[in-house]
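So the sequence shown is numbered by the working numbering: it starts at 1 and just counts up by one. Here a beta-carbon is modelled for each residue, glycine too, at the ideal position from N, C-alpha and C. Predicted model, so just to flag it, every value in this text is computed and none were measured.
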Amino acid sequence: MYFPYLHGKQKEVLALRHLAPVLGPEGKLQPVLEPVRQAATSMRHTLEACEAHRLQVWLVVNPMQQDFELLAPVQTLEWGRRLFTSLSRRQWIHPTLMLGPALTPDVVRRFLQMFPARPVGVVVGPDSPPLSEVMGLLAGAQVRMVFFKSSEPTPRARVAAGNAGCVWVEDRHLPENHELRASERHPFTSRHLTYRSDGFAGFSDYTTLPSRADSPDLASRIVAFRLSYLRTDPAPRDFWLEHFMCGRVTAEEGGSEARFRLALQAFQSALGRPGACFGPTDAVQRYLTSLIDGVPPSRALSKQWELMHHLELVSGVLAGRFPETRMSRLPESLLERRADWG
1 MYFPYLHGKQ KEVLALRHLA PVLGPEGKLQ PVLEPVRQAA TSMRHTLEAC EAHRLQVWLV
61 VNPMQQDFEL LAPVQTLEWG RRLFTSLSRR QWIHPTLMLG PALTPDVVRR FLQMFPARPV
121 GVVVGPDSPP LSEVMGLLAG AQVRMVFFKS SEPTPRARVA AGNAGCVWVE DRHLPENHEL
181 RASERHPFTS RHLTYRSDGF AGFSDYTTLP SRADSPDLAS RIVAFRLSYL RTDPAPRDFW
241 LEHFMCGRVT AEEGGSEARF RLALQAFQSA LGRPGACFGP TDAVQRYLTS LIDGVPPSRA
301 LSKQWELMHH LELVSGVLAG RFPETRMSRL PESLLERRAD WG
């Protein structure tokens, strides 16, 4: 099981909303959502879509970053309670408690009172109180999952988790700008091949964006977009990340649109490369259609497609839907304009 760790940014909630009809039935992916914005309308619509398609989501109901950083823990928990109870149905949405330095025993007890008979999750963040103490306060709760996002859990911490499934949220440091000058392809993860033998209930990371709330974005002049792919040869079948770049393009040569168009052409060529599986996912088709139409997506929309591609690719690989036969030519359907893109 893949547990992508997301921070509820607009591009992330939109990506989940679009993919819920695919990810829910495949049943190989359960996102963890740690909100960073108090505005909850878009988040609520996405949770409703996940609920409708039985896509399990682990929702942090006491977030601590950005908009919530200066709020008292009891205030953030109340915000999460209101968001959760605003959902008309919530069978597949699991309240999740974030452990951090601001957490108090009163907040833990309040969380238990709010969700006494529901499966819940726990996220162990940096500088958290000992997990054994928190689990003692949660005695009687149905703690199903414990996500460790600070570092690899120690044997003692895994014992403290009891019967709950343990997942390590790995911080995969993506290449910095100077490394991109040397290579445009980088290993991303092979954890899907080993998490079971390591005794974990699944694997997790901050996705290819990455989703970390404090992560800087790459300069647009260096990379147009980046997509994950499954390396099918040589073995093992691990995931890689490819940056589609084209260097600097002057305004006279077409500027940013020309730069993106050249990157799209490089991506089209990559689809025929032996040993690399890009799906094809729905996002792949969207990128190719933008190449055909000659209208590159906005940077924000491209970021959404990057995440959509990664989530669908990993889910499809785990479900056995990918790899498929490589696309030898563009399907005729790609020539048809899509009215629902956004």
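Beta-carbon proximity list for R158, same chain, < 6 Å, skipping 5 on both sides = C166
**Request:** Tell me whether R156 is buried or exposed, calling it buried when 16 or more other Cβ atoms sit within 10 Å of its Cβ.
**Result:** exposed
(message) By alpha-carbon positions, which one of H18, I93 and G136 ends up nearest to R118?
(response) I93
Since R81 and E51 are thought to touch, with beta carbons under 8 Å apart, how far apart are those beta carbons, to the nearest angstrom? Not a contact, Cβ separation roughly 17 Å.
| said: What would DSSP say about R17, mapped onto helix, strand or coil? | reply: helix
- Message: My output table needs one value for F3: the three-state DSSP class, helix, strand or coil.
- Response: coil
Quiz item: Considering only the beta carbon of each residue, do G153 and V124 sit closer than 9 Å?
Solution: In the sequence as presented, Gly is not what sits at residue 153; that position holds Pro. It is a contact, given that the beta carbons lie within the stated cut-off.
- Go through the stretch 250–318 residue by residue and report every complete run of the alpha helix (DSSP H) that reaches 4 residues or more, in order. 255–270 and 282–293
Within 10 Å of its beta-carbon, does H243 have 16 or more other beta-carbons around it, so buried, or fewer, so exposed? buried
> Within this structure, are the beta carbons of Q30 and G202 separated by less than 9 Å?
Replying inline: yes
- Item | Cβ-based burial, L59 [other Cβ within 10 Å; buried from 16] | buried
Straight-line CA distance for P129 to L103? 8 Å
Go through the stretch 36–69 residue by residue and report every complete run of the alpha helix (DSSP H) that reaches 4 residues or more, in order. 41–52
**OP:** Name the residue from F267, R109, R110 and L193 whose alpha carbon lies nearest to the alpha carbon of A235.
**Re:** L193
Check your understanding: F322 bridges to which residues according to DSSP?
Key -> Beta-bridge pairing links F322 to no other residue.
With respect to the beta strand (DSSP E) encompassing E242, which residues constitute its N-terminal and C-terminal limits?
F239 to F244
Close beta carbons around E336, own chain, < 7 Å, minus the five adjacent residues each side: Note that E336 scores a pLDDT of 47, beneath 50, so its modelled location is shaky; the value from the coordinates is reported in the next line. Excluding sequence neighbours, E336 sits near nothing in its chain.
- Item | Cβ-Cβ distance between G316 and E26 below 9 Å | yes
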